[in-house]
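Data block below; observations after.
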C-alpha cells in the first residue's frame, strides 16, 4: 500500500505475524537508541540496570571512576547472561553459571580453577563486548553498537519542540509508576499515541482540559513532535484544577502539553504539573508491555495530598468532566474516567479485528491521522535489510 488517499502503508501482517515481529527486533530495536532508565537509577559504583535492545540484552554499570559503561550482558565463557534486571553496588560482574568474574570496566579478572581447566587462558585479553551509553534529558540511553551515532545526532532538531522542563531536577513519585501488558501489537499502541484525530472523540470526557483544535504536530526526522494548549476553562482556573504543583519552568508563555514520540519506543508527556515517560516494550506480535514513570516538583506528603484533593473537588464542577459511557461494571474501561484505560481498550479491540477476514483496507484521516501514515513509512524504511545505517 502506498499511503495515498488515506490508505495505510503497512500490511495487516505487520501487526499479526511473529516472523515480522522478529525482523523488527533485529532491524529496528537492535539498531536504534533505546531508553534504559533515569540517571538516578544508577547512582553509586556497582549500580547497574539491563535493557533489551531487540535480540540483545545490554547492561549499564557505573564504575569506581564514576563513569557509565555499557556492555552486552553476555559472559565470554559460554554466553550466559551475567546479570538480572537491576542491581546495586556490585563489586564485580559475576556469571551465575561458572563464576567467571569481570571488573566494573568489563575486564575478565577471575576464572575458577583456571590452572586446571584453562591453563592457556590470558585473562587480560578478554573483556565483555562493549555497547554504547549516553545521557539525554536526564534519561539513560543505550545502543548495541559501541560506534553508534551520537545521541545528540539521533535526536537532532527535537529539543526546540519539547517543553522547558528540566527532568533531572524533578522528583519521581513511586506510587505514580504504572505497568500494564496490552494485548496488541506495539505499533498499534504507538499509532494510538500519535493519533491526533481520536483525542476529541475517544477522550472527549477525559482530556477536555486541552484544546485539541489548536494542536501542532509533525515529524523531526523519525521522531514525532506534538504540542497543544490548555483549554480556556482549565487555564483560567489552573490553580484550582492542577493535580500537582505547577512545574517551575512552565510559565504562561510555555504552558501546554508537549507529547512527542521518540522512535521507536518512547513517548514523553511534558505537562503543566508533571513530566512522564511512556515506554513501550514489544513482547510478541500481539503483546506489548507499557511502563509509565512520572516526575514532579518536590512536595511534602501533605502538599501532594492537599493539591490532589483540591483538584478532584473542583474538576467536575468547572470542566464538567465525566465518563463517556455509563456502566454498572466497575471494571469497564470506557466508564473508568481514565484516558489510559480508554486507550488500552481500543488498542486491544483493534488487534482483535485484525483477524477478521472482512478487514482489507483501513482508511486514515487526511490530517489527524496523517501521523500514522508517516510513522508507518518510517517503520517500512527501517525494515529494509540493506538500509544504509
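Residue numbers (my numbering): 3 to 391.
Virtual Cβ for every residue (Gly too), placed ideally from N, Cα, C.
Just to confirm, are residue i and residue j a CB contact at a threshold of 8 angstroms?
| i | j | result |
| --- | --- | --- |
| residue 92 | residue 48 | yes |
| residue 55 | residue 144 | yes |
| residue 166 | residue 251 | yes |
| residue 70 | residue 85 | no |
| residue 188 | residue 290 | yes |
| residue 302 | residue 281 | no |
| residue 132 | residue 73 | yes |
| residue 276 | residue 246 | yes |
| residue 198 | residue 370 | yes |
| residue 58 | residue 121 | no |
| residue 242 | residue 312 | yes |
| residue 293 | residue 181 | yes |
| residue 397 | residue 387 | No statement about residue 397 is possible, as the shown extent of the chain runs from 3 to 391 and does not include it. |
| residue 378 | residue 10 | yes |
| residue 23 | residue 286 | yes |
| residue 341 | residue 200 | no |
| residue 262 | residue 164 | yes |
| residue 25 | residue 385 | yes |
| residue 373 | residue 196 | yes |
Might you give, ordered along the chain, the residues of its own chain that have their beta carbon closer than 7 angstroms to the beta carbon of residue i, omitting 5 neighbours on each side?
| i | result |
| --- | --- |
| residue 349 | 184, 186, 190, 191, 194 |
| residue 137 | 41 |
| residue 38 | 51, 53, 62, 142, 143, 144 |
| residue 134 | 72, 144, 145, 147, 148, 150 |
| residue 355 | 361 |
| residue 129 | 108, 109, 110 |
Kindly indicate which residue of the options has the alpha-carbon position closest to the one of residue i.
| i | options | result |
| --- | --- | --- |
| residue 81 | 386, 64, 100, 89 | 100 |
| residue 112 | 83, 78, 139, 138 | 78 |
| residue 14 | 376, 266, 352, 386 | 352 |
| residue 68 | 59, 74, 50 | 50 |
| residue 226 | 174, 381, 386, 178 | 381 |
| residue 231 | 259, 206, 239 | 259 |
| residue 98 | 119, 90, 135, 76 | 76 |
| residue 240 | 278, 310, 219, 177 | 310 |
| residue 347 | 359, 333, 360 | 333 |
| residue 400 | 372, 345, 175, 284 | In the structure as shown, the chain begins at 3 and stops at 391. Residue 400 is therefore absent and cannot be evaluated. |
| residue 176 | 25, 372, 344, 306 | 306 |
| residue 89 | 257, 44, 124 | 44 |
| residue 156 | 34, 244, 25 | 34 |
| residue 344 | 304, 213, 209, 119 | 209 |
Can you check DSSP and say which residues form a bridge with residue i?
| i | result |
| --- | --- |
| residue 293 | 181, 281 |
| residue 85 | None; residue 85 has no bridge partner. |
| residue 136 | 143 |
| residue 103 | 96, 112 |
| residue 59 | 54 |
| residue 259 | 230 |
Looking only at its chain, what residues have a beta carbon closer than 6 angstroms to the beta carbon of residue i, apart from the 5 residues adjacent to it on each side?
| i | result |
| --- | --- |
| residue 95 | 84, 104 |
| residue 224 | 265, 380 |
| residue 222 | 159, 160 |
| residue 376 | 221 |
| residue 125 | 110 |
| residue 87 | 52 |
Leaving aside the five residues before and after residue i along the sequence, list all residues of the same chain whose C-beta is less than 8 angstroms from its C-beta, in chain order.
| i | result |
| --- | --- |
| residue 215 | 202 |
| residue 65 | 47, 71, 106, 107 |
| residue 4 | Residue placement at residue 4 is flagged as unreliable, the pLDDT there being 45, under the threshold of 50; the coordinate-derived value follows with that caveat. Taken in chain order, the residues that qualify are 11. |
| residue 102 | 77, 78, 79, 96, 110, 112, 113, 114 |
With 8 angstroms as the threshold, decide whether the Cβ of residue i is near any Cβ in chain C.
| i | result |
| --- | --- |
| residue 276 | Going by chain labels, chain C is absent from the structure shown, which holds only one protein chain. |
### Task
Taking 8 angstroms as the threshold, find out whether the segment 18-27 comes into contact with the segment 234-252 through three or more Cβ pairs.
no
### Message
Counting beta carbon pairs with one atom in the segment 141-157 and one in the segment 228-238, are three or more of them shorter than 8 angstroms?
### Response
no
#### Entry: At least three beta-carbon pairs within less than 8 angstroms, the segment 261-273 to the segment 298-312
no
### Query
On the three-pair Cβ rule with 8 angstroms, is the segment 104-118 touching the segment 148-161?
no
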